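Asks: Please find one structure pasted underneath; my questions will follow.
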Amino acid sequence: MLENDRKEEQQRKASERYYNRQKAAEVERPDKKLRREIIRPLTEAQPIERRLIFLEPGDGLALKRIMGKSDLVGISYLELGLLAARPVCRIRIMSPFGRPEGYGTGFLVGPNLMLTNNHVLYTAELARKSFAEFEFEQDINGQQKTSKSFDLRPDEVFVTDPDMDFTLVSVAPVTTEGIRLTNYGLLRLVEDTGKVLNGEYVSIIQHPEGGLKQCCLRENEVVDIFDNWLHYMTDTQPGASGSPVFNDQWLVVGLHHSGVPMKDAQGNILKTDGQLYRENIDDSSTIAWVANEGIRISRIFQALESRSKNEPMAAEALRRLRSHGTGPIGPAIITAPEPTPGAAMELGELPKEHYHLADGYNPDFLGSLHHLPLPRLADNLQSKIAKLKDGGEILTYLHFSIVMNADRKLAFYTAANINGKELEKIKRDRDKWYFDPRLDQKYQAGPKLYEGNPLDRGHLVRRLDPCWGPNAKEAGEDTFHFTNCSPQHERLNQHDWLEVEDYILKTADNANVQISVFTGPVFREDDMIYRDEYLLPADFWKVVTFVNKNGKLNATAYLRTQKNYLESMEFFDDEFKTWQVPVTQVEALTGLSFSLPTDADPMARAATGKSLKSQRSNIRRIRSAADIML
Numbered sequence: 078m079l080e081n082d083r084k085e086e087q088q089r090k091a092s093e094r095y096y097n098r099q100k101a102a103e104v105e106r107p108d109k110k111l112r113r114e115i116i117r118p119l120t121e122a123q124p125i126e127r128r129l130i131f132l133e134p135g136d137g138l139a140l141k142r143i144m145g146k147s148d149l150v151g152i153s154y155l156e157l158g159l160l161a162a163r164p165v166c167r168i169r170i171m172s173p174f175g176r177p178e179g180y181g182t183g184f185l186v187g188p189n190l191m192l193t194n195n196h197v198l199y200t201a202e203l204a205r206k207s208f209a210e211f212e213f214e215q216d217i218n219g220q221q222k223t224s225k226s227f228d229l230r231p232d233e234v235f236v237t238d239p240d241m242d243f244t245l246v247s248v249a250p251v252t253t254e255g256i257r258l259t260n261y262g263l264l265r266l267v268e269d270t271g272k273v274l275n276g277e278y279v280s281i282i283q284h285p286e287g288g289l290k291q292c293c294l295r296e297n298e299v300v301d302i303f304d305n306w307l308h309y310m311t312d313t314q315p316g317a318s319g320s321p322v323f324n325d326q327w328l329v330v331g332l333h334h335s336g337v338p339m340k341d342a343q344g345n346i347l348k349t350d351g352q353l354y355r356e357n358i359d360d361s362s363t364i365a366w367v368a369n370e371g372i373r374i375s376r377i378f379q380a381l382e383s384r385s386k387n388e389p390m391a392a393e394a395l396r397r398l399r400s401h402g403t404g405p406i407g408p409a410i411i412t413a414p415e416p417t418p419g420a421a422m423e424l425g426e427l428p429k430e431h432y433h434l435a436d437g438y439n440p441d442f443l444g445s446l447h448h449l450p451l452p453r454l455a456d457n458l459q460s461k462i463a464k465l466k467d468g469g470e471i472l473t474y475l476h477f478s479i480v481m482n483a484d485r486k487l488a489f490y491t492a493a494n495i496n497g498k499e500l501e502k503i504k505r506d507r508d509k510w511y512f513d514p515r516l517d518q519k520y521q522a523g524p525k526l527y528e529g530n531p532l533d534r535g536h537l538v539r540r541l542d543p544c545w546g547p548n549a550k551e552a553g554e555d556t557f558h559f560t561n562c563s564p565q566h567e568r569l570n571q572h573d574w575l576e577v578e579d580y581i582l583k584t585a586d587n588a589n590v591q592i593s594v595f596t597g598p599v600f601r602e603d604d605m606i607y608r609d610e611y612l613l614p615a616d617f618w619k620v621v622t623f624v625n626k627n628g629k630l631n632a633t634a635y636l637r638t639q640k641n642y643l644e645s646m647e648f649f650d651d652e653f654k655t656w657q658v659p660v661t662q663v664e665a666l667t668g669l670s671f672s673l674p675t676d677a678d679p680m681a682r683a684a685t686g687k688s689l690k691s692q693r694s695n696i697r698r699i700r701s702a703a704d705i706m707l
């Protein structure tokens with residue numbers, strides 16, 4: 078069944094429940110005609126005494142709100158709302174061909190556990206191709222933030238229920254860029270009933286129509302609570318499926334799943350202009366909605382409990398949900414743990430024997446016919462190379478090498494060999510960072526540069542690139558040396574930068590699924606001075622080389638800038654741009670020479686006949702891998 082069919086089926090069921098309740102209410106009170114509000118629940122009484130259990134003792138206005146005598150809330154309500162929004166994400170539903178084919182909303186409810194609707198993610202295979210996207214929203218300046226995408230892992234947990242329309246699925250703990258899921262906290266779910274009463278108001282944080290995160294705070298009265306369901310008047314739109322429904326303590330009381338279309342006495346769906354809705358003719362956006370329906374959280378717990386004895390994944394989902402407690406007492410929002418002094422960056426030390434494994438960058442990795450030596454620095458930069466304790470200049474690690482700039486305490490460049498056929502996905506444990514004992518620490522920018530600011534230790538050789546061969550785990554560990562990191566703003570989105578390598582490894586015209594990658598910062602004399610000691614590079618470059626199926630060496634170069642991130646240490650640009658440029662432009666900016674054949678670079682070939690200046694000014698905006706010129 079197609080996704081839209083599933084959504085329409087849920088709307089049909091929600092509509093039946095709503096109008097059946099209306100008819101039952103009319104039988105009880107024949108003097109009242111069909112109306113939008115249902116006066117009281119027809120099943121399961123919820124006395125106000127039970128509701129009071131969930132209130133903060135210091136909230137003097139809570140009882141008045143419940144009794145409908147006050148709309149006031151404490152100012153902390155707004156701050157808590159921002160925290161409650163952190164675990165809410167947009168779900169990108171991907172086709173088998175890797176194209177987005179729909180959106181929904183989800184939210185974190187346990188360690189690496191997300192809750193959404195069955196009609197959003199109804200099979201494990203669909204979840205496996207989809208993503209949970211956090212921070213797809215605007216900041217306080219109206220600028221779009223850089224979102225972070227996490228893989229879904231249905232092989233760990235995938236529990237779905239088409240009747241109650243919920244799905245619980247495991248989420249990867251970290252992105253490929255190293256962003257941790259724990260940064261977003263989670264919404265603690267409570268098993269007890271009585272979290273909301275008829276006449277109270279609820280809020281929904283959602284991604285309507287797959288757009289930026291929104292919150293509905295008005296026109297949101299609860300009108301019915303019965304069986305497995307809640308009915309409320311909150312405004313929602315397609316794409317809001319899977320959103321959390323909150324009471325005014327920001328405690329999740331329901332999982333939003335469907336709107337209830339308005340019908341006439343004959344059961345025909347009506348449009349906002351009062352006319353009959355014509356299926357397959359009228360736009361669905363013209364339907365008049367009389368209410369919305371959500372699944373009660375207490376009933377989701379009951380469903381899991383009944384399945385947990387026979388279904389290991391249901392038992393695991395229940396364990397994760399209960400790991401932070403599910404009773405009425407406790408925080409509604411489990412926030413990300415605050416970093417404690419000394420814990421934000423854990424330093425380690427590797428044994429001397431570890432460095433005996435280091436084979437370093439292999440210049441013949443692409444074949445003896447394509448010998449590609451390490452880049453050579455211009456003569457005026459030779460004196461700036463940091464000397465190792467043994468007098469050498471090249472730091473070798475497993476499958477990559479680094480040459481350091483003594484003045485800047487950062488790498489001039491890194492050079493890595495990547496074997497796509499043997500790459501292993503090594504699980505990322507708690508990060509430990511290392512000074513390299515072969516190089517004096519005065520040449521290595523360490524914790525002092527990165528503490529107490531929004532600067533990340535940005536990997537130059539990314540963690541998974543050298544993770545191949547018999548020592549794959551040790552190779553990944555090597556990437557956590559201070560020699561391999563450069564200060565990058567925490568909001569820098571690495572996705573499109575990393576996509577370059579992935580695209581060439583997996584889908585480009587690559588004969589051997591092997592590439593050699595050179596990466597580094599651009600050093601300028603006018604770079605921003607930071608803490609009276611460091612110059613922060615504003616630009617980064619990457620050169621990717623491989624042999625195509627015709628046996629020819631290909632080389633493509635890329636530039637990124639974080640200038641707008643560094644000025645005043647705040648983000649105020651709308652996006653972080655990546656450009657494909659001629660290799661000669663990277664050489665001009667860095668003083669490096671890559672010793673490449675003149676016909677290896679497609680950007681240079683495209684500018685044949687132009688002056689050197691014109692060739693270097695030839696740039697190409699990269700928004701996705703499809704924009705790369707090979």
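Note that our numbering gives residue 469 to position 392 of the sequence shown, counting from 1, and the numbers run on in steps of one.
We put the CB at the ideal spot given by N, CA and C, even for glycine.
The model shown is predicted, which means the values in this text are computed figures rather than measured ones.
Taking the continuous beta strand (DSSP E) assigned at P321, which residues delimit it?
Replies: Segment P321 to F323, the beta strand (DSSP E) holding P321.
Asks: Taking 6 angstroms as the limit between beta carbons, can you name the residues of its chain near N482, skipping five residues before and five after?
Replies: Hits under 6 angstroms: K461 and F489.
Asks: Tell me whether A435 sits in a helix, a strand or coil according to DSSP, three-state version.
Replies: Three-state result, A435: coil.
Asks: Any contact between the region 290-306 and the region 254-263? By contact I mean 3 or more CB pairs, one from each, below 8 angstroms.
Replies: At 8 angstroms Cβ cutoff, the stretches do not touch.
Asks: Is A101 buried or exposed, if buried means 16 or more other CB atoms sit within 10 Å of its CB?
Replies: Counting Cβ neighbours within 10 Å, A101 comes out exposed, since fewer than 16 surround it.
Asks: Look at the Cβ atom of A681, then the Cβ atom of V624, and state whether they are nearer than 9 angstroms.
Replies: No, the pair does not count as a contact, with Cβ atoms beyond the cut-off.
Asks: Count the other CB atoms within 10 Å of the CB of N189; is the residue buried (16 or more) or exposed (fewer)?
Replies: So N189 ends up on the buried side.
Asks: What is the DSSP secondary structure of T560, counted as helix, strand or coil?
Replies: In the structure shown, T560 sits in a helix (DSSP, three-state: H, G or I).
Asks: Going by beta-carbon coordinates alone, are Y438 and H476 separated by less than 9 angstroms?
Replies: Yes, the Cβ-Cβ distance between Y438 and H476 is below 9 angstroms.
Asks: Using the three-state DSSP reduction, which class does I374 fall into: helix, strand or coil?
Replies: Correct three-state label for I374: helix.
Asks: Rounded to whole angstroms, what is the Cα-Cα separation between M191 and A455?
Replies: Straight-line Cα distance between these residues: approximately 52 angstroms.
Asks: Counting only the same chain and skipping the five closest in sequence on each side, list residues whose C-beta sits under 7 angstroms from that of D651.
Replies: Note on D651: pLDDT 35, under 50, position unreliable in the model; the coordinate value appears next. Around D651: Q220 and Q221.
Asks: Measuring CA to CA, which of K629, K626, C166 and E156 is closest to S224?
Replies: Checking every option, the nearest Cα to that of S224 belongs to C166.
Asks: Taking just the CA atoms, how far does E393 sit from P118?
Replies: Its pLDDT being 40, under 50, P118 is placed unreliably by the model, and the measurement read from it follows with that caveat. Going by the C-alpha atoms only, they are around 33 angstroms apart.
Asks: Just to confirm, are A735 and P564 a CB contact at a threshold of 9 angstroms?
Replies: Residue 735 lies beyond the range of the chain shown here (78 to 707); nothing can be said about it.
Asks: With distances taken Cα to Cα, identify the nearest neighbour of R384 among S207, L160, N627 and F235.
Replies: That would be F235, whose Cα lies nearest to the Cα of R384.
Asks: Quick check: the Cα distance between L532 and W366, rounded to an integer number of angstroms?
Replies: Looking at the two C-alpha atoms, the distance is approximately 47 angstroms.
Asks: Could you tell me whether the Cβ atoms of I374 and L266 are closer together than 9 angstroms?
Replies: Contact: yes.
Asks: How about I364 and A317: do their beta carbons lie closer than 9 angstroms?
Replies: Cβ atoms of I364 and A317: not closer than 9 angstroms.
Asks: Within 10 angstroms of the Cβ of T667, are there 16 or more other Cβ atoms? Answer buried if so, exposed if not.
Replies: Burial call: buried.
Asks: So what does H333 bridge to, in DSSP terms?
Replies: Note: H333 sits in a beta bridge opposite G371.
Asks: Hey, could you find the ends of the beta strand (DSSP E) M191 is sitting in?
Replies: Element bounds for M191: L190 to T193.
Asks: Kindly give me the distance between the Cβ atoms of F131 and K272, rounded to whole angstroms, as I take these residues to be in contact under 8 angstroms.
Replies: Yes, F131 and K272 are in contact; Cβ-Cβ is about 6 angstroms, under 8 angstroms.
Asks: Taking R713 as the reference, give the member of Q518, Y511 and P547 with the closest Cα.
Replies: Outside the shown range of the chain (78 to 707) lies residue 713, about which nothing can therefore be said.
Asks: Distance check for V658 and Y354, CA to CA, integer angstroms please.
Replies: Taking the straight line joining both Cα atoms gives about 54 angstroms.
Asks: Which of the three DSSP states is assigned to S153 in this structure?
Replies: S153: helix per DSSP, three-state reduction.
Asks: Give me the Cα-Cα distance between E114 and P239, rounded to the nearest whole angstrom.
Replies: Residue placement at E114 is flagged as unreliable, the pLDDT there being 41, under the threshold of 50; the coordinate-derived value follows with that caveat. Whole-angstrom Cα-Cα distance: 27 angstroms.
Asks: Classify N482 as helix, strand or coil using the three-state DSSP reduction.
Replies: Note: N482 maps to strand in three-state DSSP.
Asks: Please report the residue range of the beta strand (DSSP E) in which D555 lies.
Replies: Looking at the DSSP string, D555 is not in any beta strand (DSSP E); the run it does join, the alpha helix (DSSP H), is A549 to D555.
Asks: Determine the direct distance from the alpha carbon of P338 to that of S92, and round the result to whole angstroms.
Replies: Their Cα atoms are separated by approximately 7 angstroms.
Asks: Suppose the cutoff is 7 angstroms on Cβ atoms and the five residues either side in sequence are ignored; what does the same chain contact list for V186 look like?
Replies: Only L192, L263, L264, L266 and L398 meet the Cβ criterion.
Asks: With distances taken from CA atoms, which of K90, K498 and V660 is nearest G336?
Replies: Nearest option by C-alpha distance: K90.
Asks: Who are the near neighbours of T473 in its chain, counting only those whose CB is closer than 6 angstroms to its CB and skipping five residues on each side?
Replies: Excluding residues within five positions, the ones whose Cβ falls inside 6 angstroms are A435 and G437.
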